[in-house]
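The structure appears below as C-alpha coordinates.
Numbering (UniProt numbering), first residue to last: 1 to 362.
Here you go:
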(Lines of atoms letter the chains of each structure in order from A; the text may use other names.)
(Lines give C-alpha, C1' and ligand atoms only; values in the text may rest on other atoms or scores of the structure.)
Protein backbone atom coordinates (compact mmCIF):
# COMPACT_ATOMS: atom_id res chain seq x y z
CA UNK A 1 0.00 0.00 0.00
CA UNK A 2 2.91 2.28 0.65
CA UNK A 3 4.11 1.71 -2.92
CA UNK A 4 0.88 3.08 -4.38
CA UNK A 5 1.12 6.13 -2.15
CA UNK A 6 4.61 6.91 -3.56
CA UNK A 7 3.61 6.43 -7.24
CA UNK A 8 1.10 9.31 -7.31
CA UNK A 9 3.46 12.10 -6.29
CA UNK A 10 6.17 10.76 -8.61
CA UNK A 11 3.88 10.87 -11.62
CA UNK A 12 2.90 14.44 -10.74
CA UNK A 13 6.51 15.48 -10.53
CA UNK A 14 7.29 13.94 -13.94
CA UNK A 15 4.32 15.68 -15.55
CA UNK A 16 5.37 18.97 -14.03
CA UNK A 17 8.92 18.60 -15.37
CA UNK A 18 7.63 17.78 -18.87
CA UNK A 19 5.33 20.82 -18.80
CA UNK A 20 8.15 23.12 -17.74
CA UNK A 21 10.38 21.74 -20.49
CA UNK A 22 7.60 22.23 -23.05
CA UNK A 23 7.07 25.83 -21.91
CA UNK A 24 10.76 26.59 -22.13
CA UNK A 25 10.97 25.09 -25.59
CA UNK A 26 8.08 27.30 -26.71
CA UNK A 27 9.78 30.46 -25.50
CA UNK A 28 12.99 29.46 -27.17
CA UNK A 29 11.14 28.96 -30.47
CA UNK A 30 9.53 32.37 -30.20
CA UNK A 31 12.85 34.05 -29.57
CA UNK A 32 14.52 32.21 -32.45
CA UNK A 33 12.24 33.72 -35.14
CA UNK A 34 13.58 37.30 -35.11
CA UNK A 35 17.12 35.99 -34.82
CA UNK A 36 16.72 34.07 -38.09
CA UNK A 37 15.13 37.11 -39.81
CA UNK A 38 17.98 39.35 -38.74
CA UNK A 39 20.50 36.84 -40.08
CA UNK A 40 18.77 36.74 -43.49
CA UNK A 41 18.62 40.50 -43.60
CA UNK A 42 22.32 40.77 -42.84
CA UNK A 43 23.01 38.76 -46.01
CA UNK A 44 21.29 41.34 -48.34
CA UNK A 45 23.54 43.67 -50.33
CA UNK A 46 23.61 47.33 -49.40
CA UNK A 47 23.47 49.72 -52.34
CA UNK A 48 23.28 53.49 -52.73
CA UNK A 49 20.45 54.73 -54.89
CA UNK A 50 19.17 57.98 -56.39
CA UNK A 51 15.64 58.59 -57.57
CA UNK A 52 15.97 60.08 -61.04
CA UNK A 53 13.18 61.88 -62.89
CA UNK A 54 13.26 62.23 -66.67
CA UNK A 55 13.55 65.64 -68.29
CA UNK A 56 13.22 66.91 -71.88
CA UNK A 57 16.58 66.71 -73.62
CA UNK A 58 17.44 68.77 -76.67
CA UNK A 59 18.70 66.43 -79.36
CA UNK A 60 20.73 67.13 -82.45
CA UNK A 61 22.25 65.27 -85.35
CA UNK A 62 25.87 66.07 -86.20
CA UNK A 63 27.26 65.48 -89.67
CA UNK A 64 30.65 66.31 -91.15
CA UNK A 65 31.12 68.10 -94.43
CA UNK A 66 32.47 71.19 -96.17
CA UNK A 67 31.21 74.63 -97.06
CA UNK A 68 30.47 75.84 -100.56
CA UNK A 69 29.55 79.22 -101.96
CA UNK A 70 25.86 79.76 -102.65
CA UNK A 71 26.72 79.51 -106.34
CA UNK A 72 29.85 79.51 -108.45
CA UNK A 73 30.49 79.71 -112.16
CA UNK A 74 33.46 79.79 -114.51
CA UNK A 75 33.51 82.79 -116.84
CA UNK A 76 34.70 81.79 -120.32
CA UNK A 77 35.59 84.07 -123.17
CA UNK A 78 33.00 84.22 -125.92
CA UNK A 79 35.45 85.76 -128.36
CA UNK A 80 39.10 85.55 -129.28
CA UNK A 81 41.43 88.50 -128.94
CA UNK A 82 44.08 90.37 -126.99
CA UNK A 83 43.26 91.79 -123.58
CA UNK A 84 43.30 95.57 -123.98
CA UNK A 85 42.10 96.55 -120.50
CA UNK A 86 41.55 94.99 -117.07
CA UNK A 87 38.97 96.50 -114.74
CA UNK A 88 39.08 93.75 -112.09
CA UNK A 89 41.71 91.53 -110.52
CA UNK A 90 41.64 88.22 -108.67
CA UNK A 91 40.06 88.62 -105.23
CA UNK A 92 38.03 91.69 -106.23
CA UNK A 93 34.34 91.91 -105.47
CA UNK A 94 32.08 92.40 -108.47
CA UNK A 95 28.47 93.29 -109.05
CA UNK A 96 26.16 91.75 -111.60
CA UNK A 97 27.18 93.05 -115.05
CA UNK A 98 30.45 94.64 -113.93
CA UNK A 99 33.14 94.74 -116.63
CA UNK A 100 36.09 92.48 -115.81
CA UNK A 101 38.15 92.81 -118.99
CA UNK A 102 37.99 94.18 -122.52
CA UNK A 103 39.30 92.32 -125.59
CA UNK A 104 40.65 93.91 -128.76
CA UNK A 105 37.82 94.84 -131.13
CA UNK A 106 40.12 94.47 -134.13
CA UNK A 107 38.13 95.48 -137.29
CA UNK A 108 34.74 95.18 -135.63
CA UNK A 109 34.07 98.96 -135.49
CA UNK A 110 34.58 99.29 -139.28
CA UNK A 111 32.47 96.24 -140.02
CA UNK A 112 29.74 97.56 -137.75
CA UNK A 113 29.73 100.92 -139.56
CA UNK A 114 29.43 99.14 -142.89
CA UNK A 115 26.68 96.86 -141.62
CA UNK A 116 24.72 99.77 -140.18
CA UNK A 117 24.90 101.61 -143.51
CA UNK A 118 23.86 98.53 -145.44
CA UNK A 119 20.98 97.89 -143.04
CA UNK A 120 19.79 101.48 -143.54
CA UNK A 121 20.06 101.16 -147.34
CA UNK A 122 18.05 97.93 -147.49
CA UNK A 123 15.42 99.42 -145.20
CA UNK A 124 14.91 102.38 -147.53
CA UNK A 125 14.77 100.08 -150.59
CA UNK A 126 12.16 97.92 -148.89
CA UNK A 127 10.05 100.93 -147.88
CA UNK A 128 10.26 102.28 -151.44
CA UNK A 129 9.17 98.94 -152.90
CA UNK A 130 6.16 98.88 -150.59
CA UNK A 131 5.08 102.39 -151.68
CA UNK A 132 5.36 101.49 -155.36
CA UNK A 133 3.36 98.32 -154.79
CA UNK A 134 0.64 100.33 -153.10
CA UNK A 135 0.51 102.55 -156.19
CA UNK A 136 0.32 99.52 -158.44
CA UNK A 137 3.76 100.14 -159.88
CA UNK A 138 5.59 97.24 -158.25
CA UNK A 139 4.84 93.52 -158.10
CA UNK A 140 4.85 91.38 -154.95
CA UNK A 141 7.97 89.48 -156.00
CA UNK A 142 10.09 92.61 -155.98
CA UNK A 143 8.69 93.65 -152.59
CA UNK A 144 9.44 90.20 -151.14
CA UNK A 145 13.00 90.32 -152.50
CA UNK A 146 13.55 93.75 -150.92
CA UNK A 147 12.21 92.51 -147.58
CA UNK A 148 14.50 89.48 -147.61
CA UNK A 149 17.52 91.67 -148.32
CA UNK A 150 16.52 94.02 -145.51
CA UNK A 151 16.10 91.16 -143.02
CA UNK A 152 19.48 89.74 -144.01
CA UNK A 153 21.13 93.12 -143.39
CA UNK A 154 19.47 93.37 -139.95
CA UNK A 155 20.67 89.90 -139.02
CA UNK A 156 24.21 90.71 -140.12
CA UNK A 157 24.22 93.89 -138.04
CA UNK A 158 22.85 92.06 -134.96
CA UNK A 159 25.55 89.41 -135.30
CA UNK A 160 28.31 92.00 -135.40
CA UNK A 161 26.87 93.81 -132.39
CA UNK A 162 26.81 90.50 -130.53
CA UNK A 163 30.46 89.93 -131.43
CA UNK A 164 31.27 93.37 -130.05
CA UNK A 165 29.44 92.57 -126.81
CA UNK A 166 31.38 89.31 -126.50
CA UNK A 167 34.65 91.24 -126.43
CA UNK A 168 33.58 92.72 -123.10
CA UNK A 169 33.91 90.19 -120.25
CA UNK A 170 31.29 90.82 -117.55
CA UNK A 171 30.38 89.27 -114.21
CA UNK A 172 27.16 87.22 -114.44
CA UNK A 173 26.21 87.96 -110.80
CA UNK A 174 27.55 89.65 -107.71
CA UNK A 175 30.38 87.82 -106.02
CA UNK A 176 34.14 87.49 -105.69
CA UNK A 177 36.66 86.73 -108.43
CA UNK A 178 38.80 83.65 -107.88
CA UNK A 179 41.26 81.66 -110.03
CA UNK A 180 41.80 84.58 -112.38
CA UNK A 181 44.99 84.33 -114.43
CA UNK A 182 44.65 87.15 -116.89
CA UNK A 183 47.13 89.89 -117.72
CA UNK A 184 46.99 92.98 -119.87
CA UNK A 185 48.14 92.14 -123.40
CA UNK A 186 47.63 88.39 -123.11
CA UNK A 187 45.71 86.61 -125.86
CA UNK A 188 42.45 84.85 -125.05
CA UNK A 189 40.84 82.21 -127.23
CA UNK A 190 37.12 81.71 -127.53
CA UNK A 191 35.96 79.31 -124.79
CA UNK A 192 39.02 79.90 -122.58
CA UNK A 193 38.35 80.31 -118.84
CA UNK A 194 38.82 83.88 -117.64
CA UNK A 195 37.98 83.52 -113.92
CA UNK A 196 35.59 81.94 -111.42
CA UNK A 197 32.91 83.97 -109.65
CA UNK A 198 31.73 82.84 -106.20
CA UNK A 199 28.54 84.16 -104.65
CA UNK A 200 29.11 84.36 -100.87
CA UNK A 201 25.83 86.02 -99.96
CA UNK A 202 25.11 82.68 -98.26
CA UNK A 203 27.16 79.58 -97.53
CA UNK A 204 26.00 76.07 -98.33
CA UNK A 205 27.12 73.23 -96.10
CA UNK A 206 27.32 69.90 -97.93
CA UNK A 207 27.33 66.69 -95.88
CA UNK A 208 25.79 63.23 -95.70
CA UNK A 209 23.35 61.59 -93.28
CA UNK A 210 23.39 57.88 -92.50
CA UNK A 211 20.38 55.92 -93.68
CA UNK A 212 19.32 55.12 -90.10
CA UNK A 213 19.06 58.86 -89.32
CA UNK A 214 17.57 60.20 -92.56
CA UNK A 215 14.00 59.86 -91.22
CA UNK A 216 14.78 62.49 -88.56
CA UNK A 217 15.72 65.16 -91.13
CA UNK A 218 13.23 67.36 -92.98
CA UNK A 219 13.37 70.49 -95.13
CA UNK A 220 13.39 73.74 -93.19
CA UNK A 221 14.74 72.26 -89.96
CA UNK A 222 16.79 74.64 -87.83
CA UNK A 223 20.51 73.94 -87.93
CA UNK A 224 23.92 75.40 -87.16
CA UNK A 225 27.09 75.23 -89.22
CA UNK A 226 30.26 75.22 -87.13
CA UNK A 227 33.36 76.11 -89.13
CA UNK A 228 36.69 74.62 -88.17
CA UNK A 229 37.78 78.21 -87.51
CA UNK A 230 35.41 78.28 -84.53
CA UNK A 231 32.66 80.39 -86.09
CA UNK A 232 29.04 79.27 -85.88
CA UNK A 233 26.48 80.27 -88.50
CA UNK A 234 22.69 79.78 -88.19
CA UNK A 235 21.28 77.69 -91.03
CA UNK A 236 18.37 75.59 -92.23
CA UNK A 237 18.07 72.30 -94.09
CA UNK A 238 17.69 73.28 -97.75
CA UNK A 239 18.16 69.97 -99.57
CA UNK A 240 17.76 66.26 -98.79
CA UNK A 241 18.86 63.73 -101.38
CA UNK A 242 16.55 60.87 -102.25
CA UNK A 243 19.19 58.46 -103.54
CA UNK A 244 21.70 56.89 -101.14
CA UNK A 245 25.37 56.55 -101.96
CA UNK A 246 25.72 52.82 -102.74
CA UNK A 247 29.18 52.65 -101.13
CA UNK A 248 28.51 54.53 -97.86
CA UNK A 249 24.71 54.12 -97.57
CA UNK A 250 24.36 57.82 -96.82
CA UNK A 251 22.10 60.51 -98.24
CA UNK A 252 23.39 63.94 -99.34
CA UNK A 253 22.10 66.83 -97.25
CA UNK A 254 22.66 70.56 -97.63
CA UNK A 255 22.31 73.33 -95.05
CA UNK A 256 22.07 76.94 -96.18
CA UNK A 257 23.30 79.63 -93.82
CA UNK A 258 21.33 82.82 -93.31
CA UNK A 259 24.48 84.91 -93.69
CA UNK A 260 28.11 84.38 -94.63
CA UNK A 261 30.44 86.22 -92.26
CA UNK A 262 33.48 84.77 -94.03
CA UNK A 263 34.04 84.10 -97.72
CA UNK A 264 35.28 80.55 -97.28
CA UNK A 265 34.40 77.75 -99.67
CA UNK A 266 35.64 74.18 -99.13
CA UNK A 267 36.39 74.58 -95.42
CA UNK A 268 35.89 71.59 -93.10
CA UNK A 269 32.75 72.09 -91.01
CA UNK A 270 30.20 70.35 -88.84
CA UNK A 271 26.50 70.61 -89.47
CA UNK A 272 24.29 70.37 -86.37
CA UNK A 273 20.62 69.72 -87.11
CA UNK A 274 18.20 70.36 -84.25
CA UNK A 275 15.85 67.41 -83.59
CA UNK A 276 12.76 67.01 -81.41
CA UNK A 277 13.26 66.84 -77.64
CA UNK A 278 13.41 63.39 -76.03
CA UNK A 279 12.78 62.41 -72.41
CA UNK A 280 16.04 61.39 -70.78
CA UNK A 281 17.90 60.86 -67.49
CA UNK A 282 21.19 62.54 -66.62
CA UNK A 283 23.77 60.08 -65.25
CA UNK A 284 27.47 59.46 -64.88
CA UNK A 285 28.87 57.33 -67.73
CA UNK A 286 30.50 55.16 -65.03
CA UNK A 287 27.05 53.75 -64.22
CA UNK A 288 26.62 52.21 -67.66
CA UNK A 289 26.83 48.43 -67.66
CA UNK A 290 27.12 45.85 -70.44
CA UNK A 291 25.17 42.65 -69.75
CA UNK A 292 25.92 39.14 -71.04
CA UNK A 293 23.87 39.81 -74.18
CA UNK A 294 26.01 42.81 -75.04
CA UNK A 295 23.30 45.32 -74.18
CA UNK A 296 24.24 48.62 -72.56
CA UNK A 297 22.07 49.67 -69.66
CA UNK A 298 21.67 50.54 -65.99
CA UNK A 299 20.93 48.58 -62.84
CA UNK A 300 17.84 49.91 -61.06
CA UNK A 301 15.56 48.84 -58.20
CA UNK A 302 11.90 47.93 -58.60
CA UNK A 303 9.18 48.63 -56.02
CA UNK A 304 10.38 45.62 -53.98
CA UNK A 305 14.00 46.87 -53.96
CA UNK A 306 15.03 44.04 -56.26
CA UNK A 307 17.69 44.63 -58.91
CA UNK A 308 16.55 44.95 -62.53
CA UNK A 309 18.46 45.73 -65.73
CA UNK A 310 17.21 48.49 -68.04
CA UNK A 311 18.68 48.80 -71.58
CA UNK A 312 19.43 52.44 -72.42
CA UNK A 313 20.71 54.52 -75.31
CA UNK A 314 22.95 57.57 -75.02
CA UNK A 315 21.17 60.52 -76.60
CA UNK A 316 23.51 63.30 -75.54
CA UNK A 317 26.87 63.60 -73.81
CA UNK A 318 28.83 66.37 -72.13
CA UNK A 319 31.61 67.03 -69.68
CA UNK A 320 29.19 66.75 -66.76
CA UNK A 321 27.70 63.37 -67.70
CA UNK A 322 25.50 61.71 -70.29
CA UNK A 323 21.79 61.72 -71.05
CA UNK A 324 20.16 58.34 -71.70
CA UNK A 325 16.75 57.21 -72.91
CA UNK A 326 14.97 53.91 -72.36
CA UNK A 327 14.04 54.37 -68.68
CA UNK A 328 10.69 55.10 -67.06
CA UNK A 329 9.81 58.64 -66.02
CA UNK A 330 11.02 57.85 -62.48
CA UNK A 331 13.70 55.28 -61.75
CA UNK A 332 15.66 54.22 -58.68
CA UNK A 333 19.16 54.03 -60.14
CA UNK A 334 21.92 52.19 -58.27
CA UNK A 335 24.93 54.52 -58.12
CA UNK A 336 27.16 52.61 -55.68
CA UNK A 337 27.27 48.84 -55.31
CA UNK A 338 25.96 47.80 -58.69
CA UNK A 339 29.03 45.68 -59.28
CA UNK A 340 28.10 43.41 -56.38
CA UNK A 341 24.47 42.71 -57.30
CA UNK A 342 22.76 40.87 -60.14
CA UNK A 343 19.25 40.86 -61.54
CA UNK A 344 16.69 39.62 -59.05
CA UNK A 345 18.82 40.30 -55.95
CA UNK A 346 17.07 41.88 -52.99
CA UNK A 347 18.90 44.86 -51.56
CA UNK A 348 19.00 47.31 -48.70
CA UNK A 349 18.97 50.72 -50.43
CA UNK A 350 20.35 53.95 -49.07
CA UNK A 351 19.03 56.99 -50.92
CA UNK A 352 21.30 59.88 -51.86
CA UNK A 353 21.05 63.15 -53.72
CA UNK A 354 22.23 62.69 -57.28
CA UNK A 355 25.65 63.98 -58.25
CA UNK A 356 27.29 62.62 -61.44
CA UNK A 357 30.75 63.20 -59.95
CA UNK A 358 30.16 60.73 -57.11
CA UNK A 359 28.14 58.21 -59.10
CA UNK A 360 31.10 55.98 -59.71
CA UNK A 361 29.26 52.75 -60.42
CA UNK A 362 31.09 50.55 -57.93
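Just so you know, even glycine gets a beta-carbon here, dropped at the ideal spot from N, CA and C.
Check                                                                                                                            : Outcome
Residue 207, DSSP secondary structure in three states                                                                            : strand
Alpha carbon of residue 282 to alpha carbon of residue 320, nearest angstrom                                                     : 9 angstroms
Other residues of its chain near residue 108: CB distance less than 8 angstroms, five sequence neighbours each side excluded     : 160, 163, 164, 167
C-beta contact flag for residue 100 and residue 82 at 7 angstroms                                                                : no
Reference residue 179, options 193, 46, 206, closest by Cα                                                                       : 193
Alpha-carbon to alpha-carbon, residue 174 and residue 279                                                                        : 47 angstroms
Secondary structure of residue 229, DSSP reduced to three states                                                                 : coil
Nonlocal neighbours in the same chain, by C-beta distance under 7 angstroms from residue 190, ignoring five residues either side : 77, 78, 79, 80
Inter-residue Cα distance where the pair is residue 103 and residue 237                                                          : 43 angstroms
One or two residues paired with residue 173 in a DSSP bridge                                                                     : The partner list for residue 173 (beta bridge, DSSP) is empty, contrary to what the question assumes.
DSSP beta-bridge partners of residue 51                                                                                          : 332
Assigned secondary structure, residue 344 (DSSP; H/G/I helix, E/B strand, else coil)                                             : coil
Residue from 270, 106, 125, 172 whose Cα sits closest to the Cα of residue 196                                                   : 172
Residue 200 classed as buried or exposed, judged by whether at least 16 other C-beta atoms fall within 10 angstroms              : buried
Contact belief for residue 60 with residue 240 at Cβ below 8 angstroms, rounded distance in angstroms                            : Actually they are not in contact, since the Cβ atoms of residue 60 and residue 240 sit about 17 angstroms apart, beyond 8 angstroms.
Beta-carbon spacing of residue 255, residue 235 below 7 angstroms                                                                : yes
With 16 other Cβ atoms within 10 Å as the buried cut-off, status of residue 348                                                  : exposed
Three-state secondary structure assigned by DSSP to residue 30                                                                   : Low per-residue confidence applies at residue 30: pLDDT is 48, beneath 50, and the placement is therefore not dependable, though the value from the model is reported in the following sentence. Here residue 30 sits in helix by DSSP.
Cβ contact (3+ pairs, closer than 8 angstroms) linking the region 334–352 and the region 300–307                                 : yes
Pair within 7 angstroms by beta-carbon distance, residue 269 and residue 176                                                     : no
Buried versus exposed call for residue 351 [16 or more other C-beta atoms within 10 Å across all chains shown]                   : exposed
Residue nearest to residue 258 in terms of C-alpha spacing, selected from 312, 293, 221                                          : 221
Test item: CB-CB of residue 253 and residue 209 under 7 angstroms                                                                : yes
Three-state secondary structure assigned by DSSP to residue 167                                                                  : coil
Among 123, 86, 331, nearest to residue 186 - alpha-carbon criterion                                                              : 86
In chain order, each alpha helix (DSSP H) run of at least 4 residues that lies wholly inside the region 284–332                  : none
Which of helix, strand or coil DSSP assigns to residue 194                                                                       : strand
N-terminal and C-terminal residue of the alpha helix (DSSP H) that residue 121 is part of                                        : 108–134
Spatial neighbours of residue 223 in its chain, beta-carbon cut-off 7 angstroms, leaving aside the 5 residues before and after   : 235, 236, 237, 255, 271, 272, 273, 274
Helix, strand or coil at residue 352 according to DSSP, with G and I counted as helix                                            : coil
Option in 301, 315, 246, 322 with minimal Cα separation from residue 333                                                         : 301
Residue 139 - partner residues in DSSP beta bridges                                                                              : Paired residue(s): none; residue 139 is not in a bridge.
Closest Cα partner of residue 70 within the set 353, 182, 265                                                                    : 265
Residue 81 - containing beta strand (DSSP E), residue span                                                                       : 81–86
Own chain partners of residue 143 with C-beta closer than 7 angstroms, once the 5 adjacent residues on each side are dropped     : 129, 130, 133
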